[in-house]
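Taking it in order: structure first as structure tokens, then the write-up.
Here it is in structure tokens:
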């Protein structure tokens, strides 16, 4: 009963703030609503017993992604009026597509069946909490059975990094960079000490 | 746990990954322009990887808890992919230096893309499939936008990226439906579920079919098969030409081999469910490829439609299925590789007074200004059109034979009809080269690496008729491992 109440609270707020993300007039407010949606989604994960995912969602999405969004939104000079033009115009088509998708999904899930021996097929079933916490269980899998996937993801991220540098990094002229070695190696001869009499100047 | 034995089948991939990292470091720490040395090193790395692949032997090895498989089929596909990548790096170098856009990241990205393709063809689980696919695609998105000062190139990069992300989404959605049904993403596990290993045959429900269709749609995008082909002409035209030559060959081979493995492995027993979809995609690709290419004036766009058409022909073999069909697919792929490499070597040599040209009409009168290149191009075009003594004919021959064996008569007839239409635009190029008056001759000489690629590919397409045995038997052995029950 209590869990159900908590669930409806998280779910309701998540959906409500999701609607606010797309309908609020100020993009900064949109991002703030988005953060609220993330927090509630994290709450839903907690209810499912996936505490690691919940924490990662908060750390990664709220801590990094949403803050990045906020920076970008604040730095871009978006013309709000122009930006919102045509929003209502697309609404009926968008809503129609949404409804069609919804009906199709329901039709598909209505005839859902599981494979007869599904329990035997699950490769890495989630252990119960008294055996191992989520984080431990995931860690044990990532570095053993799934090390191949782990390393491959690392390569994917590396390629993303190379791409960012390749596509955006430009050699600029006239940039004054600090060269610490030069500063340290400055000889004392380049500095001259002078006595300045008071009230005279050099 | 990781066992040492696990590392042996993955050796080529590990070697390439480590070499890629090392070359990246080398490029960053050496201050001078090092596109050339790194390109040469990348070619050597690809060659060494090929030797490692061939040294693995014919046995089937599973590694990393069944996520990775190295068998003869993967070996054959990897050989083709590595060959295509090595040739494309060799062809790119000259272009990059002439256009002064050489940066050492280019060959390194090609290396990582190739690594992604190797992982794709060795995938034995939807998770490793997806990661290989993403490693490949991400490198390709960057390569498409590589010439970042050109509006066309950046546009093609963004287009490719957005549509590619959508396709990945479709694929993942399909995979999640399958996982929801079976509780496993491994190919063997799914195969057993659909085969009904414990006696009771499972009737595939609506959810499975939806998942299957989503997976096919996502993979078809990567193949640029109709109706998921919209990106291909724009990306091919916008991307720098050496990148286009890379796109047209290696990723196609990898994606088709992956498609074959998925369709014959986990979905092997759902043939009735996917065959109609593949037949439709195949017919649509052949016809769109044939008719849309007729009106093109830009040769890179023409090649995009031509490759869409070829994918259609290759899918005829997939739809036919069975050992014969897959053997046809592999033979077609090998021939396609050489035909496309040769044609792109010609396209990359199309310069007038040092300026690059891409119009089909710029080839006018080539038979008088450069008879050797005109002859090579003519041979390649005849081969692409499927004129008998050349290799291209045999590629089509094997897939259509398999289709007829599988009683897919409508598909075969439609395929041969579209082949006739596509012959029109290939022959038009020959007509322009031999019978039109030259407006302005193309520059000579074409450069050593281009000449080498042209010579090798022409030799292969001419010699295949005389000595077909190595390729045909290799493809037969590779196809056989996908059907353990039959063999």
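Chains as they are written, first to last, in the numbering used here: chain E, 20 to 221; chain G, 1058 to 1544.
From the three backbone atoms N, C-alpha and C, an ideal C-beta is built for every residue, glycine too.
Just so you know, these numbers come straight off a predicted model, no measurement behind them.
- Annotation: Cβ neighbours of residue 1191 of chain G in chain E (cutoff 8 Å, chain order): 175.
- Chain G places no beta carbon closer than 8 Å to that of residue 116 of chain E, leaving this residue out of the contacts.
- Secondary structure note for residue 1075 of chain G: its alpha helix (DSSP H) is the uninterrupted segment 1068-1086.
- Distances from the alpha-carbon of residue 1325 of chain G to those of G:1288, G:1272, G:1296, G:1249 put G:1249 closest.
- Secondary structure at residue 182 of chain E: helix, using DSSP grouped into helix, strand and coil.
- Distance between residue 1133 of chain G and residue 1121 of chain G, taken at the CA atoms: about 21 Å.
- Residue 1126 of chain G: not part of any alpha helix (DSSP H); member of the beta strand (DSSP E) spanning 1125-1127, first to last residue.
- With 16 or more neighbouring CB atoms inside 10 Å of its own CB, residue 1077 of chain G falls in the buried class.
- Note that the region 1397-1409 of chain G does not touch the region 1382-1389 of chain G; fewer than 3 beta-carbon pairs, one per stretch, sit closer than 8 Å.
- Between residue 1124 of chain G and residue 1073 of chain G, the C-beta gap is not smaller than 8 Å, which leaves the two residues out of contact.
- Those residues of the region 1411-1422 of chain G placed with their C-beta closer than 7 Å to a C-beta in chain E do not exist.
- In the structure shown, the three-state DSSP call for residue 1412 of chain G is strand.
- When rounded, the separation of the alpha-carbon atoms in residue 1161 of chain G and residue 1455 of chain G is 41 Å.
- In chain order, 73, 76, 77 place their CB closer than 6 Å to the CB of residue 61 of chain E, counting only its own chain and leaving out the 5 sequence neighbours on each side.
- Counting every other CB atom within 10 Å of its CB across the protein chains shown gives residue 1193 of chain G a total of 16 or more, marking it as buried.
- The beta-carbon of residue 1404 of chain G is placed no less than 8 Å from the nearest beta-carbon of chain E.
- Nearest CB-CB separation between residue 1122 of chain G and chain E: below the 8 Å threshold.
- Contact check for residue 1095 of chain G against residue 1165 of chain G passes: the beta carbons are separated by less than 8 Å.
- Secondary structure note for residue 1464 of chain G: it is in no alpha helix (DSSP H), with a DSSP letter that is neither H nor E.
- Put simply, the region 1425-1440 of chain G touches the region 1481-1490 of chain G. At least three CB pairs are less than 8 Å apart.
- Comparing alpha-carbon positions, the option among G:1402, G:1348, G:1071 lying closest to residue 170 of chain E turns out to be G:1071.
- The beta carbon of residue 158 of chain E sits no closer than 8 Å to any beta carbon of chain G.
- Proximity of residue 1166 of chain G to chain E, defined by a Cβ-Cβ separation below 8 Å, is satisfied.
- Residue 1282 of chain G sits away from residue 1377 of chain G, with the two beta carbons spaced by 8 Å or more.
- Take the alpha-carbon of residue 133 of chain E and the one of residue 1157 of chain G: they are about 58 Å apart.
- Residues of chain G whose Cβ lies closer than 7 Å to the Cβ of residue 164 of chain E are, in chain order, 1122.
- The C-beta of residue 210 of chain E comes no closer than 8 Å to any C-beta of chain G.
- Chain-ordered, the chain G residues with CB closer than 8 Å to the CB of residue 171 of chain E read 1176, 1185, 1188, 1189, 1192.
- Not one beta carbon of chain G lies nearer than 8 Å to the beta carbon of residue 60 of chain E.
- Bounds of the beta strand (DSSP E) holding residue 1120 of chain G are 1118-1120.
- Taking C-beta atoms as the reference points, residue 1229 of chain G and residue 1187 of chain G count as a pair closer than 8 Å.
- When C-beta atoms of the region 1359-1370 of chain G are compared with those of the region 1512-1532 of chain G, fewer than three pairs fall below 8 Å, so the two segments do not count as touching.
- In terms of beta-carbon proximity, residue 1160 of chain G lines the interface with chain E, with at least one pair separated by less than 8 Å.
- Only buried fits residue 1181 of chain G, as 16 or more other CB atoms lie within 10 angstroms of its CB.
- For a Cβ distance threshold of 9 Å, residue set 1262, 1263, 1264 of chain G lies close to residue 130 of chain E, ordered along the chain.
- In the structure shown, residue 1063 of chain G falls within a helical segment according to DSSP collapsed to helix, strand and coil.
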